[in-house]
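Have a look at the structure below before the remarks.
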Amino acid sequence: MLDIKLIRQDPESVRVALRHRGDDPGKVDRLLELDAEFRALQARIDVMRQERNHKSKTVGAIRTGRGEGDAETLQAEVRALGETLASMEAELAENQKARLDPTEGLLYQIPNVPDPSVPVGASEEDNLEVRRWGEPVSFPWPAQPHEDIGERLGLLSTEVATRLAGSRFVLLRAQGARLERALLNLMLDLHVANGYTEILPPTLANTETLTANGNLPKFKDQLFQITDWPFYLIPTAEVPLTNMHRGEILEAAQLPMNLTAGTSCFRSEAGAAGRDTKGMIRVHEFRKVELVKLVAPEDGVAALEGMVADAERVLQTLELPYRVVQLCTGDLGFNSAITYDLEVWFPSQGKYREISSCSLCTDFQTRRGQTRYRDGDQLRHPYSLNGSGVAVGRCLAAVLENGLQEDGTVRLPAALVPYMGGHAVLGAGV
RNA sequence: GGAGGAGUGGCAGAGCGGUCGAUCGCGCCGGUCUUGAAAACCGGAGAUGGGCAACCAUCCGUGGGUUCGAAUCCCACCUCCUCCGCCA
């Protein structure tokens, strides 16, 4: 959520932000109206409460022989005040709900303000390619989709996974299962060596956690919920990681906090019917190594550059060609002020596909989750960042496709060989 | 699942109907002393909202209730701890 003080002081900048996102700038004015109503009402209530408190104290003083007056009369007055207050307080509660209820509150429906550096645009068409690394592979032999390579070499099966669970699941076997584990370990080792603290969080989360992260109530249909239990399967480790210090006041020395976690992620993929129906690109359950940072506001932009570099390092280590894309205002997520996507080359599709998304969420999430830190004598909201470092299943798919050799086997990048028990090639008489 | 106990400010821990937003300690900040630091001594300091400010209101796990008045009494819920049972 945004700071209401920002909206009061500079409503025009928030209107512009909403316009640039293709959202309704009228939300700002409706919120300001409610806010003015709230402040006026709160002031009137405060005055009445003051009177009530004062009279009640006088009653107490009379009862204990320290004051003069007619206690009975005062009591009747206080009772009457209480009745008037009750109806005003009900009105206030209604106003609070209209502004601050996580489901319908207007303040929760206003997205983060994009950083001034973000290109203005309507959709992903207007995203900006920042740089490329590596040469997109072009074989003299036909490229193959990763699911074909995997099925042919006995590394994966969608058919068996469908029998066990349903569509949009994948089962890995033999060197395929090991490859997933190898990639996960390689990524975590890399990030830990670069100063991230490894976390293994629960992969179920409660309503409060998902609400603080903004997944609920808006994107409920994207989540799997446990029947008869107040739990949801996490769609990403960002959820538990950004919530670890919810409601806490941190010491300045605890920042910057760099966290990483490799977990399963669960997504309903509602609304994605017909898209990426084959293979491991879009499935209900996949592994992802996530990066999360909490930093002082002044370090936010540099921390984002660092996080993107950390995610890029994974792809460079795996010798996978990729490009970095900066999202335009229209494509930016609700929480984000700046987002860079990493897109890896898929030879079978002849294009780059998203494998990581790194966002600077400024204090938008930490204000909502009430995470603060002590900076000298003041309390501030740290900036939060999250990014994938990277999606393991999509990475496995990219390794298979980019390493395909003429004889149908797959050459593994050198960095993976130690993690694969010395095997450098998949499919060569395994 | 059964039986008890507990949730108070960064931590620890008193208070159990009215001068309690809350004692004392640790930690923190400022000062005195010191070449500097430590120790000692003196002083300061909770959070949120409103207000230019003085100041006012709210907050003692959460939500209700009783009362002129609730951290304190009552009810429900949540969480944690101990013991028993069950299980990895």
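Each position in the first sequence, counted from 1, maps to that position plus 633 in my numbering.
Cβ coordinates follow ideal geometry from the N, Cα and C atoms, glycine included.
My assumption, with CB atoms under 8 Å, is that residue i sits in contact with residue j. Please give the rounded CB distance.
i, j, result
"residue 934", "residue 1022", "Going by Cβ atoms, the distance from residue 934 to residue 1022 rounds to 18 Å, so no, they are not a contact pair."
"residue 893", "residue 825", "7 Å"
"residue 872", "residue 839", "Rounded, the Cβ-Cβ distance is 10 Å, inconsistent with contact."
"residue 1076", "residue 821", "The chain is shown from 634 up to 1063; residue 1076 falls before or after that span and cannot be answered."
"residue 604", "residue 674", "There is simply no residue 604 to check, as the chain begins at 634 and stops at 1063 in what is shown."
"residue 682", "residue 718", "7 Å"
Which residue's Cα is closest to the Cα of residue i: the options?
i, options, result
"residue 654", "636, 757 and 678", "757"
"residue 1057", "808, 671, 711 and 974", "808"
"residue 979", "731, 750 and 912", "912"
"residue 835", "704, 936 and 876", "876"
"residue 1014", "998, 1024 and 868", "998"
"residue 955", "988, 938 and 972", "988"
"residue 874", "731, 1002 and 692", "1002"
"residue 672", "1033, 937, 729 and 983", "729"
"residue 647", "1041, 970 and 797", "970"
"residue 983", "891, 797 and 768", "768"
Do residue j and residue i have their beta-carbon atoms positioned less than 7 Å apart in this structure?
i, j, result
"residue 745", "residue 960", "no"
"residue 857", "residue 901", "yes"
"residue 882", "residue 1005", "yes"
"residue 762", "residue 958", "yes"
"residue 1007", "residue 885", "yes"
"residue 953", "residue 977", "yes"
"residue 942", "residue 1020", "no"
"residue 1054", "residue 1044", "no"
"residue 739", "residue 663", "yes"
"residue 864", "residue 837", "yes"
"residue 981", "residue 1034", "yes"
"residue 937", "residue 1018", "yes"
"residue 919", "residue 787", "no"
Can you tell me the Cα-Cα spacing of residue i and residue j, whole angstroms?
i, j, result
"residue 853", "residue 859", "12 Å"
"residue 1028", "residue 752", "28 Å"
"residue 950", "residue 741", "40 Å"
"residue 623", "residue 1010", "Outside the modelled stretch of the chain, which goes from 634 to 1063, sits residue 623, for which no answer is possible."
"residue 811", "residue 966", "34 Å"
"residue 975", "residue 1061", "31 Å"
"residue 1012", "residue 806", "51 Å"
"residue 774", "residue 784", "19 Å"
"residue 652", "residue 661", "11 Å"
"residue 716", "residue 695", "23 Å"
"residue 1050", "residue 827", "21 Å"
"residue 658", "residue 676", "28 Å"
"residue 782", "residue 914", "14 Å"
"residue 764", "residue 888", "30 Å"
"residue 848", "residue 906", "21 Å"
"residue 964", "residue 940", "20 Å"
"residue 678", "residue 706", "22 Å"
"residue 634", "residue 1000", "6 Å"
"residue 637", "residue 770", "50 Å"
Could you have a look at residue i and say whether DSSP puts it in helix, strand or coil?
i, result
"residue 638", "helix"
"residue 791", "helix"
"residue 999", "helix"
"residue 671", "helix"
"residue 836", "coil"
"residue 697", "coil"
"residue 952", "coil"
"residue 890", "strand"
"residue 706", "helix"
"residue 1063", "Model confidence at residue 1063 stands at a pLDDT of 46, short of 50, so the residue's coordinates are unreliable; what they give is reported in the following sentence. Of the three classes helix, strand and coil, the one that applies to residue 1063 here is coil, per DSSP."
Hey, would you say the C-beta of residue i is under 6 Å away from at least one heavy atom of the ligand GDP?
i, result
"residue 1003", "Within the structure as shown, the ligand GDP is missing, as the structure has no ligands at all."
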